[in-house]
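Engineer: Chains as they are written, first to last, in our numbering: chain A, 61 to 374; chain B, 4 to 518.
Here a beta-carbon is modelled for each residue, glycine too, at the ideal position from N, C-alpha and C.
This one's a predicted model, so the numbers in the text were calculated from it and none came from an experiment.
Before anything else, here's the structure in question.
This is the structure:
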């Protein structure tokens, strides 16, 4: 148990520390694919450092919620990162929170972000919050459907059980998971405010979704939110890997397998980041009202995955 | 010159440019006849002529079937007023409001008489372009209220989004007030004038050579068009003949400027739909183009290369070969990038049917230049009323009918190819000779008008030189004056997040219209 707690702590800490690195990697790949010279992979850390050193500017009419929200959002994402198995499976946190709770944690962070965006009453904050809700209320059910498809195979909604079933049982091909994987990819893109649903690098206020909500934040608050954004991308990547590419993850108590698991994880994240950057480079942002179609397709694919499970795999 | 039924007694001032004076009462009749034959009002401005003993004056330039007609109506010293033209040419509305703000000349019976250029820099009863205006006194007086009565949309669920004048990117300042339901735009109202720098006032008393530098800086992205139009006006006023080679080089500069701006805009259009690849590629091409320009002519944007009497820089044989080679390379690259834009489904989906300005509306509201040609307003001064050397170049005009973002992008693509052809032609047939002659000395008050088709649309500069040889009144006119109001129309029925894309597809000048 004590090694479990140590492992749990180590993994959460690792996620928090390495998350900006994944963001830096994606940004680097994007720059290369666009034919630019790339910023160093450590650029997100420098940005965080810069932001932590600045004085926060806060609107006069901001309520305590506005100050509190960044800490809440960061805590939610750190917790989520702790639940998802990255290098070791069967962590002490895991039985306490299954995939449905995970969706809930993401939703909690989002609610706080949206409330904080509306708190000051600027038109952009409200506009962003409204759009974020439009995207998320379509993304959440689709995400649940993906999880249900995966849990039907392992007969459990607990992530360690799902991962254990997929990674360490005898190898089998699950067509349902192929559909779920595509759906999961689409949902991740929308939830992480990436192209083609949102554009993380735009300066056009009127087109923003996620960025519009955090326009009023500065300094440490902004740093926490940016870090939480990186953590969210990391968590989603880890989740995708755990569900669809789980091989290489260490089973409980097998400390010797950890170095290899870590290597496998890094390789999979590098690959995932590069693929994300590639898809972002060749895509343009869809018109806002096409986002529901995009997420509707994701939902449909997730449901199809589930149906296929019943048709072919039971 | 006859327009409609009547002879308006206009005299030729330059090639395709006519000059006349009339009573203020006749202005309305002239405007009606121009409208009837399908012409447009291009510019409207006022002047304080009291030091010449002629009261005030209102000037209008109209695009007619015979060319550009510049008419002036003398107005009395006391309570100068002229009939409202905005009910015939809606584009006159903002020009009339600006004329009042600057000179206190009233358009009688105008529907919209709100302030336009005036913010807090001067008070309501002060008029900076009047010769007796004292800037020091204006500085001393307390700043007036900057309140501006926007037109509100009322009803259930309607709310306003106020954007700018400070934006998240490094772009020019302008305020946009959206009335929306959900994401759908019910009304957009612009509030400009934030970059009012007193450019017209600054011209007063300058010598013509210095004036060329200021004219080129009215809107930096259109430097060549402004500098050329200004020089054309000064040369007309002083009756100076510019050498052929200089005129051809000016056209070469103008086409270089057009290509640079179109490349930049096409990149921006990609960027606004988050296709950063397109942005990077077009800006790479633009950068190469600007660097070559800097290498050949000493300035990336050709600032101050056009001077009254000619041009300041020549091109050698080596430079001609280099520019022609770069033009060939650019042509191929633009061609392949266009194929990528054409085949990109999401990009096409974002561009098509976004920000539509229908041809009939464009004609009614006087949409002009590049945006006008994308809405079937087939006007290009280089094609219909060519000044030298365009009269020997046979420019083919690019037009589209759809009037959406895609049409405006297509016109840019076509114009890049046409400009590259013109550059090759200009280089091949460049006449030999001098590139500069001194201006003839000024003996009496004289005036001239320059008319150049810049990349955004027609640029007009009217100049009056005093008997002392110094500038007395200069009015630069940007096509953005006519096109800004169309942006308010083009966005209607679209959704809020499409506005930046529509705005960029017009890419209008704030500085050029705020003066």
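Looking at residue 82(A): is its Cβ nearer than 8 Å to the Cβ of residue 294(A)?
Structural biologist: yes
Engineer: What do you reckon, are the CB atoms on residue 176(A) and residue 139(A) nearer than 8 Å?
Structural biologist: Residue 176(A) places its beta carbon 8 Å or farther from that of residue 139(A).
Engineer: What are the residues that DSSP puts in a beta bridge with residue 17(B)?
Structural biologist: 20(B)
Engineer: For a contact meaning CB atoms closer than 7 Å, what does residue 154(A) contact in chain B?
Structural biologist: Neighbours of residue 154(A) on chain B: none; closest Cβ ~37 Å, over 7 Å.
Engineer: With respect to the alpha helix (DSSP H) encompassing residue 158(A), which residues constitute its N-terminal and C-terminal limits?
Structural biologist: No alpha helix (DSSP H) contains residue 158(A), which DSSP labels as neither H nor E.
Engineer: Mind checking residue 199(B): buried by the 16 CB within 10 Å criterion, or exposed?
Structural biologist: buried
Engineer: Please determine whether the Cβ atom of residue 293(A) lies at a distance below 7 Å from any heavy atom of the ligand MN.
Structural biologist: Of ligands this structure carries none, so the ligand MN is not represented either.
Engineer: With burial defined as no fewer than 16 other Cβ atoms inside 10 Å of the residue's Cβ, what is the status of residue 497(B): buried or exposed?
Structural biologist: buried
Engineer: Could you work out which residues of chain B lie near residue 263(A), taking near to mean beta carbons separated by less than 7 Å?
Structural biologist: 171, 172
Engineer: Can you give me, in chain order, the residues of the region 332 to 359 of chain A that have a beta carbon less than 9 Å from any beta carbon in chain B?
Structural biologist: 340, 341, 342, 343, 344, 345, 346, 347, 348, 349, 350
Engineer: By DSSP, does residue 50(B) sit in helix, in strand, or in coil?
Structural biologist: strand
Engineer: Does residue 29(B) come out as helix, strand or coil in the three-state DSSP assignment?
Structural biologist: Residue state, collapsed to three classes: helix.
Engineer: Spell out whether any CB of chain B is found under 8 Å from the CB atom of residue 183(A).
Structural biologist: yes
Engineer: Measure the beta-carbon distance from residue 206(A) to residue 362(A) and round it to whole angstroms, keeping in mind my assumption that it falls under 8 Å.
Structural biologist: 5 Å
Engineer: Could you check if residue 102(A) is buried or exposed, using at least 16 other CB atoms within 10 Å of its CB as the buried criterion?
Structural biologist: exposed
Engineer: Tell me which residues of the region 79 to 99 of chain A have at least one Cβ-Cβ distance to chain B shorter than 8 Å, keeping chain order.
Structural biologist: 90, 93, 94, 95, 96
Engineer: Using DSSP with H/G/I as helix, E/B as strand and the rest coil, what is residue 215(A)?
Structural biologist: DSSP, reduced to helix, strand and coil, places residue 215(A) outside both helices and strands of the structure shown, so it counts as coil.
Engineer: Taking residue 476(B) as part of the beta strand (DSSP E), name the residues at either end of that continuous run.
Structural biologist: It spans 474 to 480 - the beta strand (DSSP E) in which residue 476(B) sits, taken as one unbroken run.
Engineer: Could you tell me whether the region 264 to 277 of chain A touches the region 190 to 202 of chain A, where touching means 3 or more Cβ pairs closer than 8 Å?
Structural biologist: yes
Engineer: If you compare alpha carbons, which of 408(B), 385(B), 410(B) is closest to residue 398(B)?
Structural biologist: 385(B)
Engineer: Would residue 337(B) count as contacting chain A if we go by Cβ distances under 8 Å?
Structural biologist: no
Engineer: Could you name the residues of the region 256 to 276 of chain B whose beta carbon sits closer than 9 Å to any beta carbon of chain A, in the order they occur along the chain?
Structural biologist: 273, 274, 275, 276
Engineer: Residue range of the beta strand (DSSP E) that residue 190(B) falls in?
Structural biologist: 187 to 194
Engineer: Where residue 189(A) and residue 179(A) are concerned, what is the direct C-alpha to C-alpha distance, given to the nearest angstrom?
Structural biologist: Whole-angstrom Cα-Cα distance: 10 Å.
Engineer: Please confirm whether residue 255(A) has its beta-carbon closer than 8 Å to some beta-carbon of chain B.
Structural biologist: yes
Engineer: Let me know if residue 26(B) comes out buried or exposed under the rule of 16 or more other beta-carbons within 10 Å of its beta-carbon.
Structural biologist: exposed
Engineer: Quick one: is residue 187(A) near chain B, going by C-beta distance under 8 Å?
Structural biologist: yes
Engineer: In chain A, which residues lie less than 8 Å from residue 176(B) when you measure between Cβ atoms?
Structural biologist: What residue 176(B) touches in chain A: nothing, since even the nearest Cβ is about 14 Å away.
Engineer: So with Cβ pairs under 8 Å, would you call residue 217(A) a contact of chain B?
Structural biologist: no
Engineer: Run the CB neighbour count on residue 219(A), radius 10 Å, all protein chains shown included, and call it buried at 16 or more, exposed below.
Structural biologist: Buried, by the Cβ-count rule.
Engineer: By a C-beta neighbour count over all protein chains shown, 10 Å radius and 16 as the cutoff for buried, is residue 122(B) buried or exposed?
Structural biologist: buried
Engineer: At the 8 Å Cβ level, is residue 235(B) part of the contact set with chain A, yes or no?
Structural biologist: no
Engineer: With a threshold of 8 Å between beta-carbons, can residue 410(B) be considered close to chain A, or not?
Structural biologist: no
Engineer: Given that a residue counts as buried once 16 or more other Cβ atoms are within 10 Å of its Cβ, and exposed if not, what is residue 138(B)?
Structural biologist: exposed
Engineer: How long is the line joining the alpha carbons of residue 237(A) and residue 305(A), rounded to whole angstroms?
Structural biologist: 11 Å
Engineer: Please report whether the beta-carbon of residue 157(B) lies at a distance below 8 Å from any beta-carbon of chain A.
Structural biologist: no
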